[in-house]
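**Student:** Provided herewith is a single structure, encoded as structure tokens, for subsequent inquiry.
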Amino acid sequence: MNKPTFNHLTLPQGYQLGDYIILDLLGQGGFGIAYLAQDIHLQNQVVIKEYFPSDLASRDGQTVSALGTNGQIDYEKGMARFLEEGRALARFNHPAVVRILKYFQQNNTAYLVMEFIDGEPLDSYLKRKHTLTPEVVEHLAKELLDGLEVVHQHGLIHRDIKPANIMLRPGGKPVLIDFGAAKEELAEKSHSVVVTPGYGALEQYSSKAKLAPATDLYAFGATLYKCLTAQTPEESSARVLDDTHIPVNQLPIAQQCSPGLVALIDQCMHLKGIDRPQNAQLAKVLLTETGSENRTPPQPLKNDSAVLDAMIEMAGSDGIITQQEINLIITKAQTLGVDVVVIRNIIDRLAGAKGWRIEPENSNPKQTKTDAEKNESSKNAQSKPKAKAARPVENISAPLISNRYHDHNDGTVTDTHTGLMWMRYSIGQEWYGQICTGEAIEHNWTAATLIPKGGFFRRFSFADYSDWRLPSIQELHTLVYCSSGQQRGFHLDSNGRLLEVHDIIQNGRCEGDYQTPTINPLAFPATPASWFWSSSPISDSNYRAWGVRSSAWGVSFCSGHVSNLNKSDKCFVRLVRTAHRN
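Going letter by letter, the sequence shown gives residues 784 to 1365 in my numbering.
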């Protein structure tokens, strides 16, 4: 393939676009132009994608203009969709998905700034190698499914998965790129037809069809098929009349593949969407469980074993393990793929070795310290005035985490900089001793604001506090931690808009080479590198005029920056309370 060259429709080489210098032209298609650029401050290379629909626009100097009145309407709709997509992709950070660093408007068009991946496109690699071994294909499948699961959870459909849109990092890690046809799956929105022959699902040939994760899984399966066989699959529209596609299970290569890989590819490539796995999670189950009867049961990873060992140690620290504690340990073990019989044997063996007693089933659970305190309070309720429960925050001698957070050993910490008490874990997770377990759960903004009011916390030890609340945007952003030591300021102007200083939006994002999630990992372990809700709705009239009347502020703990989010979006939740000292 000939290398693309700069022309009258592209920005010129050496042009400064905001904080970036255009170095080279990477590609030019019907919907946009991709450039290699360099950040003038950080001196690192990035990829910039410019919104430039060639059928609707022309360029005069650096400024892009729509062609005609009708073209102007379609052009602006397309640009709004382009920016919407950039905002959605910027919400998360996953190694198998290209990372969006920034999105902005200039030259009467829009731009996405993405990480530069120093690797090779999968299609180029296949031209040299022709096929990949089943082991390598299975490795790619697992990595890509992990990425697709996150993409789909955020309401996005890639719509153009193929070898050319997968980059291989040094070491072989795959990365999904070019979400040019991706968009949030919002109700009652139509879809344009964007199909790559051999990889596009049948439903993509209809502009009225509603696309779903299963649409991406067809292209994903077709890509794996190409990797195994060196053959581009037959076009799905042609398979309707005369299906000459040969499934993997009928090919000689199937004998060298795991049953799971064969089933995954063949089921993903069913013509009818309903016959495919409906999401990446179900596809992963196919890959790992099909034909597993004769396989050795999966063993927990070392860090997973450490979590289970710690849970058992804590359960037995008082000399007795209750059935409630056993059930918690079993639940956690099952999420890690450990068989119930195996974990029960481990508990029995450790209890025997350390002299712990295991509580018989159907017996009364042992009384916890909190239960004892409640019973004592009940006995004395009529004999003396009811005293306020002791507040850990008042214990000034509590140990410090990172010289900043007082640890109260109950799943809460107090920030010595602000005086605020925070949950150490996100809603949906649980705190067990000093370990955060479970998966965080996303909520829309309205549901997030109602959580503290609904009695949800009665099952937690810090439920005695009745004043937990959703933090304001200013409070939430105080948790952002940039390991690089480089961070923009965060300021809202008098109108409630993000302040702009010297063309730099003061959104508080981390800069430089920082680690994710952008929060102190010791004080707040297992925090998702994603968006969290604040209680602060958008108040500025200009924002409302732009169609974000139902928006609220959130913080990304992927990059540390603040942005306005639609209240119907799903984001994570961490609660706060104002700590009081005597």
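Virtual Cβ for every residue (Gly too), placed ideally from N, Cα, C. This structure is a prediction, so every number in the text was calculated from the model and none was measured.
1) What does the alpha-carbon distance come out to for the pair Asn-853 and Ile-940?
2) Look up Asn-827 in the DSSP assignment and say whether it is helix, strand or coil.
3) May I have the straight-line CA-CA distance separating Gly-1004 from Ile-1048, to the nearest angstrom?
4) Assign Cys-1354 to one of three DSSP states: helix, strand, or coil.
5) Going along the chain, which unbroken runs of the beta strand (DSSP E) with 3 or more residues stay wholly within the stretch 1248–1330?
6) Tell me, which residues are paired with Trp-1336 by DSSP?
7) So, Trp-1316 versus Thr-1232, is the Cβ gap smaller than 9 angstroms?
8) I think Arg-1360 touches Tyr-1248, with their Cβ atoms under 8 angstroms apart; what is that distance to the nearest whole Å?
9) State the DSSP-derived secondary structure class of Lys-910, mapped to helix, strand or coil.
10) In whole angstroms, give me the CA-to-CA distance for Leu-850 and Phe-814.
11) Please list, in chain order, all residues of the same chain as Trp-1214 whose beta carbon is under 6 angstroms from its beta carbon, the five residues on each side excluded.
12) To the nearest angstrom, how far is the alpha carbon of Ala-992 from that of Thr-998?
13) In whole angstroms, what is the alpha-carbon distance linking Thr-1027 and Tyr-982?
14) Does the beta-carbon distance from Glu-921 to Ser-1041 come in below 9 angstroms?
15) Just tell me which of Asn-1227, Asp-1122, Arg-1132 and Asn-1303 has its CA closest to the CA of Asn-1186.
16) Can you find the residues in the same chain that come closer than 6 angstroms, C-beta to C-beta, to Pro-996, ignoring five residues on each side of it along the sequence?
17) Please name the residue in Val-978, Met-897 and Phe-887 whose C-alpha comes closest to that of Ile-1288.
18) Could you give the DSSP three-state label for Lys-993: helix, strand or coil?
19) Using alpha carbons as the reference points, say which of His-877, Ser-1351, Glu-986 and Asp-1250 lies closest to Lys-956.
20) Under a Cβ-count criterion, where at least 16 other Cβ atoms within 10 Å of its own Cβ denotes burial, should Arg-1140 be classed as buried or exposed?
21) Which first and last residues belong to the alpha helix (DSSP H) in which Pro-1042 is found?
22) What's the gap between the Cα of Gly-902 and the Cα of Asn-1278?
23) Between Ile-823 and Ile-804, which are expected to be in contact by the criterion C-beta below 8 angstroms, what is the C-beta distance as a whole number of angstroms?
24) Using a Cβ-Cβ distance cut-off of 9 angstroms, determine whether Val-1068 contacts chain B.
25) Taking DSSP's pairing of strands, which residues face Leu-1069 in a bridge?
26) In three-state DSSP terms, what is Ala-817?
27) Helix, strand or coil for Gly-810 per DSSP?
28) In the DSSP output, what is Trp-1214 paired with across the bridge?
29) With which residues is Ala-849 paired in a DSSP beta bridge?
30) Taking the beta strand (DSSP E) that Ile-1057 belongs to, which residues open and close that run?
31) Any heavy atom of the ligand ADP closer than 8 angstroms to the Cβ of Glu-921?
32) Cβ atoms of Tyr-894 and Gln-845: under 9 angstroms apart, would you say?
33) Report the residue from Tyr-908, Gly-1043 and Arg-1292 whose alpha carbon sits nearest the alpha carbon of Leu-1070.
34) State the Cα-Cα distance for the pair Lys-1115 and Phe-1340, rounded to the nearest angstrom.
35) Would you call the CB atoms of Arg-874 and Trp-1228 closer than 9 angstroms?
36) In this structure, does DSSP put Lys-956 in helix, strand or coil?
**Tutor:** In brief:
1) Ile-940 has its alpha-carbon roughly 28 angstroms from the corresponding atom of Asn-853.
2) coil
3) Those two C-alpha atoms are separated by around 5 angstroms.
4) strand
5) 1314–1320
6) Asn-1347
7) yes
8) Confirmed, about 6 angstroms.
9) In this structure, Lys-910 counts as helix in the three-state DSSP scheme.
10) 15 angstroms
11) Take Trp-1214, set aside five residues on each side of it, and the residues of its chain with a beta-carbon closer than 6 angstroms to its own are Gly-1194 and Tyr-1208, in chain order.
12) Rounded to the nearest angstrom, the two C-alpha atoms are 11 angstroms apart.
13) 15 angstroms
14) Yes; because the gap between Cβ atoms is below 9 angstroms, this pair is in contact.
15) Asn-1303
16) His-935 and Asn-1062
17) Phe-887
18) coil
19) His-877
20) By the neighbour-count criterion, in which 16 or more other beta carbons inside 10 Å mark a residue as buried, Arg-1140 falls on the exposed side.
21) 1042–1051
22) 45 angstroms
23) About 6 angstroms separates the two Cβ atoms, so the contact holds.
24) Absence of chain B from the displayed structure is noted, only one protein chain being present.
25) Beta-bridge pairing links Leu-1069 to no other residue.
26) strand
27) strand
28) Answer is Cys-1219, bridged to Trp-1214.
29) Ala-840
30) That residue, Ile-1057, is in no beta strand (DSSP E); it is neither H nor E in DSSP.
31) The model on display carries no ligand, and the ligand ADP is accordingly not part of it.
32) no
33) Cα-wise, what sits closest to Leu-1070 is Gly-1043.
34) A direct Cα-to-Cα measurement between Lys-1115 and Phe-1340 gives close to 25 angstroms.
35) At the C-beta level, Arg-874 and Trp-1228 stay beyond 9 angstroms of one another.
36) coil
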